[in-house]
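In the UniProt record's numbering, the protein residues as written are 1 to 646.
Below, the structure is given as structure tokens:
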């Protein structure tokens, strides 16, 4: 079934709109609308992941970070039961939780839920896999915590953090004595009559599950941060429970939907509006939807989702799509919301940007605002031409224009265009770049930081500039998931001359750090909101004759210390990969033993693949990485260049 709900006309209108937007691309998308606590309309468009069955309203979508609302509610329920206190330190309940930073003992339960813990962001390694189940993600996390430094003192500011919710789910299990999902079912899902919810850490029971077209299922192991799977109707009905106290009490609703975030920037409109689990519980910046709107977005390697709860109209909209449709989940949700508004005759007024006539930009401000800004996963260059803002971001081929942030006019306080607004704010010895995009309703968000003081880069770090590093400790469970969550990647060390260093990675953009010794770094970014979301303090250590880079939960070798691939024996230690340099024209043959996997990555990092040797792959200029969970010795045959068999 592709249509359902009390208002069939609205369901058809939503279906028509999604069909137009999808335009036959990718697998599927679905939406559901709850109005005055009734399921008003729901629809599904597209096909299942195998392309063999039309999409259905009963299909389950991986809703990613929308899971955080469910996790926060579970914690708040335990608070209401008197079993824990939001202001207690996490270590009171999880005494084995330790990081490489003594300040982690000061992280409170509330800080896990309002993104103010100071934890780095996300342990990407093994967080999502495809086709292979990850059996030891908890072990991965234990190792990760022992390496992690905090990016700031606990409670200093709120910056989006998955790890807080991973810990929160563990906290729920420890305090309740129940499995996380069993607790949610008992306390919320069963009383609300919601039956579709499950975790995406195992194969779906559906004969034709949803995933990227002609791909394979993804499995998600960051339970409390993003592992929930459900129908869009159930997700919307859950959201409606925040508008109708009962199963969720008024006290719980108030606690979760009162602004709880922390920021030191006066113009930051995102961080202060964080609820507990919610991205925003303040006013919407796109439409006049009243003083409070509850937003939550979610993304995985296969899905993008959005949940919008509007108390003013007693309205909830839930939307999700497989990413191969090309649909932006936030922008699409707003398009659907406008259709709902027309059907229900709601007065959805768009909030206008400042439309004052352009003014001349003072030279002093141009000098103060121009320069290099470090973002969470990129580096920006800010310039001004004819009093208009020009923003570029770093790329392998040089600087590339950011169209949405180019040719914005100065209005006396900020820079504005038809769909974007940029503002600069000085704080301490830094200037912050904040952006408001009309594609979402979260207001001005810090996206970058410029340092006003220039420091000298230590000689040991200058000697490393230009070095390229390749991963050498991949987990076989992660290889099919793509580079972002465990596949092979490269990192190149660079600087922009202000004392900071940048690791340009092929999996997660640019990571910035401040050297604090010859081998260690500290965080240099403290941008709230999303500005320093996936941070880390990289370090180097000596392992035999090689200098190993520790980046997140990965170890990387300098590529100039990687031996060339030769035919013969390969010896693998458990989880310690064998890495070799390869040449275009070489071909591997033979057969890998059971439990041994291999991955390749090109020298420029643009091509990565996983294979078994019976496929006889042709190699490229780059690297091959053999991976196993156990100690293995095996032989390989090599044809092509350097083999005598061309």
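Idealized CB from N, CA, C, for every residue including glycine. Only a predicted model underlies this, so the values are computations on that prediction, with no experimental measurement involved.
Return the CA-CA distance between residue i and residue j, expressed in angstroms with no decimal places.
i           : j           : result
residue 662 : residue 60  : What is shown of the chain runs 1 to 646, which leaves residue 662 out entirely.
residue 241 : residue 110 : 22 Å
residue 403 : residue 387 : 17 Å
residue 189 : residue 350 : 35 Å
residue 646 : residue 624 : Note that residue 646 has pLDDT 38, beneath the 50 cutoff, so the model's placement of it is unreliable and the number below is only indicative. Cα to Cα, residue 646 sits roughly 20 Å from residue 624.
residue 508 : residue 81  : 41 Å
residue 42  : residue 315 : 14 Å
residue 152 : residue 106 : 12 Å
residue 587 : residue 99  : 44 Å
residue 54  : residue 201 : 24 Å
residue 473 : residue 141 : 15 Å
residue 489 : residue 601 : 7 Å
residue 370 : residue 401 : 15 Å
residue 644 : residue 581 : Low local confidence applies: a pLDDT of 39 at residue 644 is under 50, so the model's placement there is unreliable, and no value is given.
residue 196 : residue 186 : 14 Å
residue 137 : residue 162 : 15 Å
residue 258 : residue 514 : 36 Å
residue 64  : residue 46  : 20 Å
residue 337 : residue 293 : 13 Å
Among the candidates the options, whose CA atom is the shortest distance from the CA of residue i?
i           : options               : result
residue 595 : 543, 67, 63 and 475   : 475
residue 31  : 539, 233, 359 and 598 : 233
residue 470 : 503, 461 and 371      : 503
residue 553 : 80, 144 and 443       : 144
residue 168 : 218, 209 and 222      : 222
residue 347 : 154, 366, 197 and 312 : 312
residue 102 : 70, 147, 80 and 135   : 147
residue 496 : 379, 199, 226 and 274 : 379
residue 413 : 184, 425 and 542      : 425
residue 418 : 436, 401 and 429      : 436
residue 124 : 37, 251, 479 and 342  : 479
residue 265 : 472, 193 and 432      : 432
residue 658 : 464, 597, 408 and 325 : The chain is shown only over 1 to 646; residue 658 falls outside these bounds and no answer can be derived.
residue 71  : 112, 13, 288 and 467  : 112
Using three-state DSSP, classify residue i as helix, strand or coil.
i           : result
residue 76  : helix
residue 637 : strand
residue 419 : coil
residue 4   : strand
residue 270 : coil
residue 38  : strand
residue 550 : strand
residue 532 : coil
residue 318 : strand
residue 95  : coil
residue 198 : strand
residue 427 : strand
residue 17  : helix
residue 618 : strand
residue 392 : strand
residue 478 : helix
residue 311 : helix
residue 62  : strand
residue 182 : helix
residue 451 : strand
Excluding the 5 residues flanking residue i on each side, which residues of the same chain have their C-beta closer than 8 Å to its C-beta?
i           : result
residue 530 : 159, 160, 270, 376, 445, 446 and 447
residue 335 : 17 and 21
residue 9   : 343
residue 574 : 628, 629, 630 and 631
residue 262 : 114, 116, 155, 156, 157, 158, 271, 272 and 528
Could you name the residues of the same chain whose beta carbon sits closer than 6 Å to that of residue i, not counting the 5 residues immediately before and after it, in chain order?
i           : result
residue 546 : 557 and 561
residue 191 : 247
residue 229 : 60, 62, 198 and 200
I believe residue i touches residue j by the beta-carbon criterion, under 8 Å. Please report the beta-carbon distance rounded to the nearest angstrom.
i           : j           : result
residue 212 : residue 302 : 5 Å
residue 295 : residue 434 : Actually they do not touch by this definition, with Cβ atoms about 18 Å apart.
residue 392 : residue 381 : 5 Å
residue 548 : residue 626 : Actually they do not touch by this definition, with Cβ atoms about 18 Å apart.
residue 518 : residue 593 : Not a contact, Cβ separation roughly 41 Å.
Check whether the Cβ of residue i lies closer than 9 Å to any Cβ atom in chain D.
i           : result
residue 152 : Structure shown: chain D not included; a single protein chain is present.
Which same chain residues, not among the five before or five after residue i, have their C-beta less than 7 Å away from its C-beta?
i           : result
residue 534 : 121, 122, 376, 377 and 508
residue 454 : 498 and 499
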